[in-house]
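Trainee: Sharing a structure, written as C-alpha cells. Questions coming.
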Amino acid sequence: MAEINQACCQYSLPNMNVVDNPRVSLPLTNTINSNNYAYTNTSNSTPTHQTPNPTAPNRQQIDLTCKTQQLLRGYDLKFGKSQDDDAETFISRLRTVTQLTNVSERDLLAFMPPMLAGDAEIWAEPLYTTWTTLEKFEEDLRLQYGIPNFQIRLENEILTRTQGPDETIAVYIAKIRLLMNKLSPAWTLEKQLDRIYENLHPKYIKSINRNQFTSIKELTLLGQQQERVFDKQKTYKPPPPADHHMIRKSAYCTTKTHKTAAISEVEEVAAVNTYKPRQTNTPPSNTNNSTTTNNTQRQSKTQIGSNNKKTDHCWICDATDHWAMKCPQKTGDGRSSSV
Numbered sequence: 001m002a003e004i005n006q007a008c009c010q011y012s013l014p015n016m017n018v019v020d021n022p023r024v025s026l027p028l029t030n031t032i033n034s035n036n037y038a039y040t041n042t043s044n045s046t047p048t049h050q051t052p053n054p055t056a057p058n059r060q061q062i063d064l065t066c067k068t069q070q071l072l073r074g075y076d077l078k079f080g081k082s083q084d085d086d087a088e089t090f091i092s093r094l095r096t097v098t099q100l101t102n103v104s105e106r107d108l109l110a111f112m113p114p115m116l117a118g119d120a121e122i123w124a125e126p127l128y129t130t131w132t133t134l135e136k137f138e139e140d141l142r143l144q145y146g147i148p149n150f151q152i153r154l155e156n157e158i159l160t161r162t163q164g165p166d167e168t169i170a171v172y173i174a175k176i177r178l179l180m181n182k183l184s185p186a187w188t189l190e191k192q193l194d195r196i197y198e199n200l201h202p203k204y205i206k207s208i209n210r211n212q213f214t215s216i217k218e219l220t221l222l223g224q225q226q227e228r229v230f231d232k233q234k235t236y237k238p239p240p241p242a243d244h245h246m247i248r249k250s251a252y253c254t255t256k257t258h259k260t261a262a263i264s265e266v267e268e269v270a271a272v273n274t275y276k277p278r279q280t281n282t283p284p285s286n287t288n289n290s291t292t293t294n295n296t297q298r299q300s301k302t303q304i305g306s307n308n309k310k311t312d313h314c315w316i317c318d319a320t321d322h323w324a325m326k327c328p329q330k331t332g333d334g335r336s337s338s339v
C-alpha cells in the first residue's frame, strides 16, 4: 500500500523527469533515446537494465488506485469522528457506493483504515485482516456499535412516523423511505405504499384514495396537487360588494337557502312560544282569596242554573214537557179546568 501511494503521488506531479520504467537504474551521465526505453551510457554504449520486480505496481494499477482514492474522498465516508455516528447509516452509505460506482468490495475494504477514526480506528486495527467480505465487516460493526434489536425498533419507528401538520408530502415520503431502506429483509413496494398512505395527514386522505396510485411518484404528484389546493384556500379572497362594481348586476348576491330560511322560522316560533306576559306582583294572600271567591261564584251560578232547570215545568199540570202558558188544561182565566 505504501508503494502504491508513493507511486501515485509521483505519477500525479507534473513536469517530473521520471523514467516510465522505474525499474531501470542509470548513472547520472546516461541519456534517453527517442524510444524512451533504450538507455545508453556515454562511457559505454552497452545499455544497462535492472532485473524486473514482479510485485511492483504498474501504471494501470497506480491509475486505478488514484481514482479509487479520489472517489472515496468525494463520498466523505467517515465513521467514529462523532458520538452521533450511526452504524446503520455508515453501512448504508457503503452499500450505495458499491452500487453506484465500479469500486469492488475488496477495494472498499482495502481503503477501510482511512475511513475509521477515534475509538473505531482502535477497535478495527486487529480486525482488518479478518474482513474478507463486506458482510463480515457489517456484522462486526453492528456487534460493536449497533443498536440492540434494531430491526424491531426500526419497524415500530416506521409505524409511528406520521406526516407533520406543516410537512410537505415530498419531505415526508423522503424521510420515511430513509427508514424503510434500512429494513432487512426489505419491504415490497406495495407494503411501503400502504404504510406511507396510512401515515399521511388526514387532510390528504380526504382527497386521495389508495387505488389512485401504484408508485411513489404518483403518490407524490397527487399530494403536491392537493397542496396547491391548500395554498389556494389560504389566499382566497371573497368577491367585492356591489358598491365596488361598475356594473352592479355582475356583483355577487347572497341568497338564503331553503334550509336556512326554515331554521330561522323555527327559531321565531320558538321565541314566541317561550314569551311570557308580565305579571303584577300581588301578595300571595290576596291571590288565594280572589281565586277562592271566583270558584265560589262559579259554583253558585251552576247551582242556580240547575235549580232553574228543575223548576222549568208546568205549574198547572206539573208536566215538564211544556210551560203553563201552553198547558192544554189551562182555562180562560189561567187556572186549571179541574179546579
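Be aware that the sequence shown starts at 1, since it is given in UniProt numbering, and climbs by one per residue. All C-beta atoms, glycine included, are put in the ideal place defined by N, C-alpha and C.
#1: Would I176 pass as a contact of R153 if the rule is Cβ separation under 7 Å?
#2: Name the two residues that bound the continuous alpha helix (DSSP H) containing L179.
#3: For a minimum of 4 consecutive residues, which ranges assigned as the alpha helix (DSSP H) are wholly contained in the stretch 87-112?
#4: Helix, strand or coil for L200? Go by DSSP, reduced to three states.
#5: Considering just the uninterrupted stretch of the alpha helix (DSSP H) at D231, what are its terminal residues?
#6: Quick one: grab the DSSP three-state call for L154.
#7: Looking at C-alpha atoms only, which residue of L159, A117, C327, G146 is the closest neighbour of K81?
#8: Helix, strand or coil for L183, going by three-state DSSP, please let me know.
#9: Counting along the chain, where does the alpha helix (DSSP H) carrying K136 start and finish?
#10: Starting from L159, follow its DSSP beta bridges and name the residues at the other end.
#11: Can you list, in chain order, the residues of its chain with a C-beta nearer than 8 Å to that of A186? Leave out the 5 residues immediately preceding and following it.
#12: Quick one: is E88 buried, meaning 16 or more other Cβ sit within 10 Å of its Cβ, or exposed?
#13: Any idea what DSSP makes of L72, helix, strand or coil?
#14: Hey, could you find the ends of the alpha helix (DSSP H) A324 is sitting in?
#15: So, are the CB atoms of Q144 and W131 less than 7 Å apart?
#16: Under 8 Å: do the stretch 161-175 and the stretch 206-223 share three or more Cβ pairs, one atom per stretch?
#17: Assuming contact is defined by CB atoms lying nearer than 7 Å, are T68 and D107 in contact in what I supplied?
#18: Under 7 Å between the Cβ atoms of I91 and E138?
#19: So, are the CB atoms of L77 and M115 less than 7 Å apart?
#20: To the nearest angstrom, how far is it from the Cα of N209 to the Cα of P239?
#21: Round the Cβ separation of Q151 and L183 to the nearest angstrom and send it over; I've been treating them as touching at under 8 Å.
Mentor: So, from the listed chains and residues:
#1: Looking up residue 176 in the sequence shown gives position 176. Looking up residue 153 in the sequence shown gives position 153. Their beta carbons are not under 7 Å apart, which means I176 does not touch R153 by this criterion.
#2: The count along the sequence shown starts at 1 and reaches residue 179 at position 179. 169-180 is the extent of the alpha helix (DSSP H) around L179.
#3: DSSP runs (the alpha helix (DSSP H)) wholly in the stretch 87-112: 87-100, 105-110.
#4: By one-based count along the sequence shown, residue 200 stands at place 200. The three-state reading of DSSP puts L200 in coil, since its state is none of H, G, I, E or B.
#5: Numbered from 1 along the sequence shown, position 231 holds the residue referred to as residue 231. Unbroken alpha helix (DSSP H) run through D231: 216-234.
#6: Stepping through the sequence shown from its first residue, residue 154 is reached at position 154. Here L154 carries a helix assignment [DSSP, helix/strand/coil].
#7: As a position in the sequence shown, residue 81 is number 81, starting the count at 1. Per the Cα distances, A117.
#8: Translated into the one-based positions of the sequence shown, residue 183 becomes position 183. In this structure, L183 counts as coil in the three-state DSSP scheme.
#9: Taking the first residue of the sequence shown as position 1, residue 136 is located at position 136. K136 -> alpha helix (DSSP H) spans 134-145.
#10: The residue labelled residue 159 in the question sits at position 159 within the sequence shown. DSSP lists no partner for L159.
#11: Translated into positions along the sequence shown, residue 186 becomes position 186. Within the same chain, M180 come within 8 Å of A186 by CB-CB distance, once the 5 residues on both sides are set aside.
#12: Your numbering for residue 88 matches position 88 in the sequence shown. Buried is the call here.
#13: Translated into the one-based positions of the sequence shown, residue 72 becomes position 72. It is helical.
#14: In the sequence shown, residue 324 corresponds to position 324, counting from 1. First-last for A324: undefined, no H or E at that position.
#15: For the purposes of this step, residue 144 is taken as residue 144 along the sequence shown, with counting starting at 1. For the purposes of this step, residue 131 is taken as residue 131 along the sequence shown, with counting starting at 1. No, the pair does not count as a contact, with Cβ atoms beyond the cut-off.
#16: With a cut-off of 8 Å, the stretch 206-223 and the stretch 161-175 count as touching, because enough Cβ pairs lie within range.
#17: In the sequence shown, the residue the question calls residue 68 occupies position 68. In the sequence shown, the residue the question calls residue 107 occupies position 107. Yes.
#18: For the purposes of this step, residue 91 is taken as the residue at position 91 of the sequence shown. For the purposes of this step, residue 138 is taken as the residue at position 138 of the sequence shown. Against a cut-off of 7 Å, the Cβ pair of E138 and I91 comes out as a contact.
#19: Position 77 of the sequence shown, counting from 1, holds the residue named residue 77. Position 115 of the sequence shown, counting from 1, holds the residue named residue 115. Closer than 7 Å, so yes.
#20: Here residue 209 refers to the residue found at position 209 when the sequence shown is read from its first residue. Here residue 239 refers to the residue found at position 239 when the sequence shown is read from its first residue. Answer to the nearest angstrom: the Cα atoms are 33 Å apart.
#21: The residue given as residue 151 occupies position 151 in the sequence shown. The residue given as residue 183 occupies position 183 in the sequence shown. Contact annotation, Q151 with L183: C-beta distance approximately 7 Å; criterion of less than 8 Å satisfied.
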